Ligand code: UDP
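Residue numbers (this note's numbering): 118 to 547.
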């Protein structure tokens with residue numbers, strides 16, 4: 118029903134040189150104050166997707182700061198659970214449709230079994246961080262014990278949610294002591310009157326295999342082994358094969374740009390399909406049809422065919438590409454954007470959700486709303502090395518200041534401390 122995941126240990130001292138000293142000291146001080154607490158992070162998938170990515174680094178970072186931090190992943194006993202939670206995810210991000218009473222029964226029934234198992238096994242903590250809608254009802258199902266703090270973290274874009282689904286879920290949000298959203302506009306209207314809200318955008322781990330510095334020859338060796346010609350320009354989108362990531366628009370943009378940049382190659386890297394994403398294969402099929410056998414469109418879906426680990430492949434392809442694309446039409450945050458910017462690359466992002474928060478258009482990247490605009494920016498960047506270098510440098514500095522993991526750890530621990538100390542603000546952050 119659930120399991121504890123172990124992640125390799127890290128040392129906080131290795132992060133310090135990358136951080137502003139004020140932030141580094143503040144984080145160490147708060148951790149020192151909270152050293153007696155036990156913290157749990159719970160989510161619904163061990164690997165795949167941005168939340169799993171953050172947690173596999175955040176949990177060891179918490180431990181290296183001296184706070185006993187555990188990671189719990191739930192395993193509901195029905196595959197139907199993930200079909201329903203994927204539907205809830207899509208509806209909350211604005212898709213058409215509704216949930217049937219049977220689907221709601223599956224959602225609540227599976228989670229109740231997980232909650233019963235947690236209770237039977239005596240799972241406990243001082244601070245519970247529950248991530249995303251998949252697990253939202255847990256606070257109701259595992260009623261809070263004296264002294265516990267329950268925090269729900271919503272990583273998705275609720276700007277235009279399906280009203281009926283949001284209305285069904287709102288009372289469950291109010292069961293928490295605190296909620297955290299990654300952007301102000303994602304907070305549903307009226308919610309901040311009922312439960313304290315913090316805005317805390319996600320972050321990347323600069324010490325992970327995926328984000329640690331890799332030199333260009335090494336990166337090129339990896340992508341050559343993947344069939345890419347490193348003597349010709351390469352553009353890449355690193356993303357699950359997902360409706361909202363608009364892989365079709367990326368292919369359209371590549372085709373237009375290729376008319377001005379002969380020999381251009383496109384890579385679509387979707388190796389980390391989340392186990393709760395049954396739609397992926399259908400999307401992959403239509404994308405492959407659109408690619409239509411073009412030998413310069415490289416699609417990667419199967420990690421077992423890669424020359425090195427998935428994380429190394431992501432690092433290498435981001436380093437070896439001239440321009441990175443994240444053409445999402447909806448995006449909670451978009452860690453791939455941060456990852457690309459951290460490598461000093463120009464990123465062209467869809468003008469949506471969290472991508473807007475990361476890219477200062479024309480300064481640290483470009484925002485686009487159509488394949489045509491995307492193609493125009495691609496050509497500009499591919500033909501002007503100085504522009505690419507300037508944008509890439511601004512991108513990296515912006516990530517260093519705003520989107521590295523210790524800043525997120527500080528946000529989470531600071532708000533947990535407020536509750537542990539019994540002082541609760543109405544709305545904070547941003
Ligand atoms: N990712 C990966 N391999 C892939 C595709 C994606 O490891 O082939 C990672 C990517 O590097 C990023 C995460 O999966 O860290 C995706 O997070 P993001 O916020 O961009 O999107 P999500 O999948 O959560 O919607």
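Every residue, glycine too, gets a C-beta built ideally from N, C-alpha and C. Note that the structure is a prediction, hence the values are computed from the model and not measured.
Less than 8 Å separates the beta-carbon of residue 249 from that of residue 272. No heavy atom of ligand 1 is found nearer than 7 Å to the CB of residue 404. A distance criterion of 7 Å places the beta-carbon of residue 497 beyond contact range of ligand 1, judged by its closest non-hydrogen atom. For the pair residue 414 and residue 383, the CB atoms are nearer than the 8 Å cut-off. Taken through DSSP and simplified to helix, strand or coil, residue 426 comes out as coil. Minimum Cα-Cα distance from residue 505 among the listed residues 480, 515, 487 corresponds to 480.
For residue 245, the pairing in a beta bridge is given by DSSP as 157, 267. Apart from sequence neighbours up to five positions away, the residues of its chain that approach residue 515 with a beta-carbon distance below 6 Å are 481, ordered along the chain. Distances between the C-beta of residue 284 and the heavy atoms of ligand 1 are all 7 Å or more.
By the beta-carbon neighbour count (other beta carbons within 10 angstroms, threshold 16), residue 511 is buried. Note on geometry: alpha-carbon atoms of residue 525 and residue 379 lie some 42 Å from one another. Residue 470 and residue 381 have their C-alpha atoms some 29 Å from each other.
Shortest Cα-Cα distance from residue 537 to any of 263, 336, 299 involves 263. Put simply, the region 220 to 227 touches the region 189 to 199. At least three CB pairs are less than 8 Å apart. Taking a C-beta distance under 8 Å as the contact criterion, residue 386 and residue 417 qualify as a contact pair. Close CB contacts of residue 281 within its chain, under the 7 Å cut and outside five residues either way in sequence, are with 215 (chain order). Per DSSP, residue 529 lies in no beta strand (DSSP E) segment; the continuous alpha helix (DSSP H) that holds it begins and ends at 522 to 537. The Cβ atoms of residue 231 and residue 118 sit closer than 8 Å to each other.
Distances between the C-beta of residue 326 and the heavy atoms of ligand 1 are all 7 Å or more. Cβ atoms of residue 448 and residue 361 come within 8 Å of each other, at about 7 Å. Excluding five sequence positions before and after residue 320, the CB atoms of its chain that fall closer than 6 Å to its own CB belong to 520, 521, 522, 524, 525, given in chain order. Comparing C-alpha distances from residue 421 to each of 343, 432, 129 shows the shortest one belongs to 343. Residue 467 carries a strand assignment under DSSP once its states are collapsed to helix, strand and coil. If you check the CB distance, residue 437 and residue 336 come in under 8 Å. The beta carbons of residue 474 and residue 210 sit no closer together than 8 Å. Taking C-alpha positions only, residue 432 is separated from residue 146 by approximately 33 Å. With three or more CB-CB distances shorter than 8 Å, the region 314 to 332 counts as touching the region 456 to 469. Non-local C-beta neighbours of residue 184 in its own chain, meaning closer than 7 Å and more than five positions away in sequence, comprise 148, 151, 152, 154, 156, ordered along the chain. Not one heavy atom of ligand 1 is found less than 7 Å from the C-beta of residue 322.
Around the beta carbon of residue 217, a 10 Å sphere encloses fewer than 16 other beta carbons of the protein chains shown; the residue is thus reported as exposed.
With respect to residue 325, residue 411 sits apart: the two C-beta atoms are not nearer than 8 Å. Between residue 140 and residue 527, the C-beta spacing is below 8 Å. Relative to residue 367, the option among 490, 235, 535, 133 whose CA is nearest is 490. Selection 375, 352, 356 evaluated against residue 400 yields 356 as nearest (Cα-Cα). Looking at 187, 130, 176, the one whose alpha-carbon comes closest to that of residue 120 is 187. Distance from residue 203 to residue 396 at the Cβ level is roughly 7 Å; contact confirmed, criterion being Cβ atoms closer than 8 Å.
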